[in-house]
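A.B. asks:
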Amino acid sequence: GTSPHPPSKMKVLVGVKRVIDYAVKVRIAADKKGVELANVKMSMNPFCEIAVEEAIRMKEGKTATEIVAVSVGPKNAQEQIRTALAMGADRGIHVTTDMRLDQELQPLAVAKLLKEIVEKEAPDVVLLGKQSIDGDCAQTGPMLAAMLGWPQATMASELTFADGGVTAERETDNGTEVIQVGTPLVVTADLRLNEPRYAKLPNIMKAKKKKIEAIDAASLGVDLSPRIEVVEMNDPPTRAAGIVVEDVTALVDKLKNEASVIA
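So for the sequence shown, the working numbering puts the first residue at 70; every next one is plus one.
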């Protein structure tokens, strides 16, 4: 979460991505080129929700003065921006494209688009989810930071703002580490950073009046062509049924002579 800190005037740009809802059982499309998106429930990427929540807490704690929610995607991605506005973001930017978000529009292209928006908006902090649950790349935040030449606090599980700097606790493969960075910076949110709020009905109604600026992705002068092609997608093989063995001797025999997992 965000700790108490002296008031400052930070502007926060927070990214929100439209993905298949986490509770949906995904199905591979008939042409095996990707997953089926038709008639599937779409939602805000859960890690983006955490990023939005952290931005709102920064504003509630008087660290941030304005929260701008940005999404890259088709017309329907406005729904995810409206969700961010209902949670507490102030206004939205919709970078419009009909490219498929889960595989055609790739992290490098998204980072380039976000760089253009950052240069237009001049935020002090960019808050993104650490990864999206469709591509699972976890690349957009680090790429954006590299392109901007900004410090980055990725996979953040705690943020403390003080004296124009940020102390971030990061999740790593072998525990957590604490880093100190200055602003402007890019933060990517991990699962333990906070628990996002649900938007209340009055705020959902108010969000309908908040402004969303639409910008055609093609107008930003960025090469959006994918660098990776999905050749074929298949379900993982189904597991064969297990068997019950009589005793340890029979188990060892099966492991050695049938499964060949012990010598």
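We put the CB at the ideal spot given by N, CA and C, even for glycine.
(1) Among A268, T241 and V299, which one has its Cα closest to the Cα of A258?
(2) Using a threshold of 8 angstroms, state whether the C-beta atoms of L293 and A178 are closer than that.
(3) So T132 and I284 are supposed to be a Cβ contact under 8 angstroms. How far apart are they, rounded?
(4) Give the secondary structure of R160 by DSSP, where H, G and I count as helix, E and B as strand, and everything else as coil.
(5) Hey, could you find the ends of the beta strand (DSSP E) R87 is sitting in?
(6) K189 to S288, Cα distance in whole Å?
(7) To the nearest angstrom, report how far apart D159 and K279 are at their CA atoms.
(8) By the three-class DSSP mapping on this structure, what secondary structure does A237 have?
(9) Are T134 and K78 touching if we call contact CB-CB under 8 angstroms?
(10) Since T229 is in the beta strand (DSSP E), which residue starts that stretch and which ends it?
(11) Give a yes or no on contact between the stretch 191-207 and the stretch 298-313, applying the rule of three or more CB pairs nearer than 8 angstroms.
(12) Within its chain, find whatever has a CB closer than 8 angstroms to the CB of V314; leave out the 5 residues flanking it on each side and keep chain order.
(13) Rounding to the nearest angstrom, what Cα-Cα distance links P220 and N243 in this structure?
(14) What residue range does the alpha helix (DSSP H) around K56 cover?
C.D. replies: Let me spell this out:
(1) T241
(2) yes
(3) Wrong, their Cβ atoms sit about 27 angstroms apart, outside the cutoff.
(4) strand
(5) Element bounds for R87: R87 to I89.
(6) 13 angstroms
(7) 7 angstroms
(8) strand
(9) yes
(10) That run of the beta strand (DSSP E) goes Q221 to A231.
(11) no
(12) Excluding the 5 residues flanking it on each side, V314 has same chain C-beta neighbours closer than 8 angstroms at L320 and K323, in chain order.
(13) Here the alpha carbon of P220 sits roughly 22 angstroms from the alpha carbon of N243.
(14) Coverage of the chain is limited to positions 70 through 332, which leaves residue 56 absent and any answer about it impossible.
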